[in-house]
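Let me begin by presenting the structure, written as structure tokens, before commenting on it.
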Amino acid sequence: MKIEYADRIHTLPQYIFAEIEQLKIIKKKQGVDLIPLGIGDPDLETPVVILDELIKQVKVQPNQNYPSSMGEAEFREAVQKWYEVRFNLNFNSETEITGLIGGKEGIANIARAFINPKDIVLVPTPGYPVYENGATKLCDGSPYLMPLNEENDFLPDFETIDTKILRKAKMMYLNYPNNPTGAIAPQSFLKKAVDYAEDYEFFIVYDNPYSEFTYDEYIAPSLLQINRDHVEINSASKMFNCTGFRCAWAVGNERIINGIRKVKSQIDSGCPIFIQKAIIRGLNEYKSNKKPEIVKRSIQIYQERRDVLVDGLNQIGWKTKKPKATFYIWTRLPKNELNSMEFVKKLINVGVIITPGVGFGQYGEGYVRFALTQPIDRIKEAIERINNLLN
Ligand SMILES: Cc1ncc(COP(=O)(O)O)c(C=O)c1O
């Protein structure tokens, strides 16, 4: 029997995370005490009010039935209300909002609705790998990589993109607060992005799952506050520390929402109703654009961790900046270290797991990413081990 992969499968990159996973298993077997700061998966618990609601709702029989792939009406109404209190924007929950099974699903499925073979998609790099691979390449589209350089505050420089490319582009992914760089986008940049989209007739998929993950009084905006012609994806995953029970939403332009819904109706049967109901409970905690207690509590913990990690790295001579958002620390490799994967392997030998920048695309080379997913004493221990290795 001949079993051949479709050509598009060969366009996907080698999954370097699998190699790191393998090394981790070996080290664990050798009895090395591992400090995982690699994957962006919160170690903090989902707020109790959400967990209690989840347990209550899962026991109700109708909540165990098939959900609607576009989200229950009650869920879409809660998202509508959240946009109103959080961003002062009003959307129609019937036509301008859809539920998703996680932001990742929405990012990938939107391309199925809008990308024809060879269509150009503008993709930031380093970036969340799904924009380039799971979305664009798996739809036979053509990713155009927009470098995010530190000298430009990790914002793409639209002026450097050939106008022929811009004219052919159909869609652009943007993500601020940004994974992996932790960068935020000023209003002036968002305005510029929207102007380019209008001039060259493409739409923006604004991936905003870290909108609540901000420090030092910074409040992240919605792109839709600048212009409602685009689409924004947000997710409960990081907002409520619940990456495992998948729930997200897309809001914006009716035609784009309708495209996502059409694709989803042929592929999935939606986020479980009891999860949607639990997330409604969390969203209802918002009374203004300020974070409610349930979110504030975990952000304070991450902020303390950020300070301990960044101050600690600087003290051992590894120059690193504090991000204003996200639970990621993106930093250039220490002096004399040439390759992010080789450096990460060295750290695994001493039990510290971080992510090589190259895992976020070729423009991520030269950097590594720490995720703040361990308590302070473990972060301090990691710094000590790194110090022993470097100095
Ligand atoms: C930038 C970005 N977008 C989207 C996601 C997906 O989030 P989820 O599918 O859990 O909603 C992540 C997760 O790490 C992310 O970092």
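Numbering (our numbering), first residue to last: 752 to 1142. C-beta atoms are modelled at their ideal positions from N, C-alpha and C, and glycine is treated no differently.
Reference residue i; option with closest CA among the options
i	options	result
V836	Y1053, K1038 and E856	K1038
V799	E1044, I1130 and Y1079	E1044
G1110	K753, P818 and F768	F768
N1142	Q1066, G1117 and N1090	Q1066
A824	F1078, G1003, Y879 and Q1027	Q1027
K921	S893, D908 and D913	S893
K943	D1128, I977, F842 and P818	I977
T876	G1115, Y756 and I1127	G1115
A999	R979, S973, I1007 and I1031	I1031
S820	K1015, G1102, G1033 and I1080	K1015
A1133	T846, V1103 and Q765	V1103
I861	K832, M752 and V1002	V1002
P1023	L840, K753, T846 and L851	L851
L906	I935, N1035 and S973	I935
P1126	R1083, K1096, W1081 and Q1051	Q1051
E1005	M752, F838, I848 and T762	I848
L1140	E902, P1085 and Q1113	P1085
I955	I912, I801 and V874	V874
V872	E902, G854, R918 and K1072	R918
I1011	D913, N839, V945 and G822	G822
E901	R1056, D913 and P931	P931
I777	E1135, K1096 and I1137	K1096
First through last residue of the alpha helix (DSSP H) which encompasses residue i
i	result
M897	First-last for M897: S893 to P898, but that is the beta strand (DSSP E), not the alpha helix (DSSP H).
D904	Careful: D904 lies outside any alpha helix (DSSP H) and carries neither H nor E.
G854	G854 to F865
I790	Premise fails: I790 is in no alpha helix (DSSP H) and is neither H nor E.
Y1053	E1044 to Q1066
W833	A824 to F838
S973	Counting along the chain, S973 falls outside any alpha helix (DSSP H), and DSSP gives it neither H nor E.
L1141	I1127 to L1141
A769	I767 to K780
I1099	S1091 to N1100
A944	Q938 to Y951
Buried versus exposed call for residue i [16 or more other C-beta atoms within 10 Å across all chains shown]
i	result
E883	buried
E983	buried
N1087	exposed
Y961	buried
P793	buried
G995	exposed
D784	exposed
Y1053	buried
S1020	exposed
K1042	buried
A971	buried
H981	buried
K989	buried
L1064	buried
R1048	exposed
A757	exposed
Q831	buried
N1148	Any answer about residue 1148 is impossible in this case: the structure gives the chain only from 752 up to 1142.
S986	buried
I806	exposed
G854	buried
M752	exposed
T1082	buried
Q1017	exposed
Cβ-Cβ distance between residue i and residue j below 8 Å
i	j	result
L788	F1025	no
S844	R863	no
Y895	I916	yes
G933	P1074	yes
Y924	A1076	no
L889	R979	no
A859	A829	no
F1078	V1119	no
K775	I1008	no
G1068	S1091	no
Y879	F909	no
C993	T1124	no
First through last residue of the beta strand (DSSP E) which encompasses residue i
i	result
V955	The question names Val, but residue 955 is Ile in the sequence shown. Start and end: F954 to D958.
L795	Segment: none, L795 is in no beta strand (DSSP E) and carries neither H nor E.
V1119	Y1118 to A1122
R997	Run containing R997: none; DSSP gives neither H nor E here.
I1178	Residue numbering for the chain in the displayed model covers 752 to 1142; residue 1178 lies beyond these limits and cannot be assessed.
G850	I848 to L851
L925	A920 to L925
Which residues DSSP lists as bridging residue i, in chain order
i	result
N876	The sequence given here places Thr at residue 876; Asn does not occur at that position. Beta-bridge pairing links T876 to P898.
M990	According to DSSP, which records beta bridges pairwise, M990 is partnered with nothing at all.
E983	Y957 and V1002
A1076	T965
T1106	R1120
I871	S893 and A920
CB contact below 8 Å: residue i versus chain C
i	result
E845	The displayed structure is made up of one protein chain only, and chain C is not part of it.
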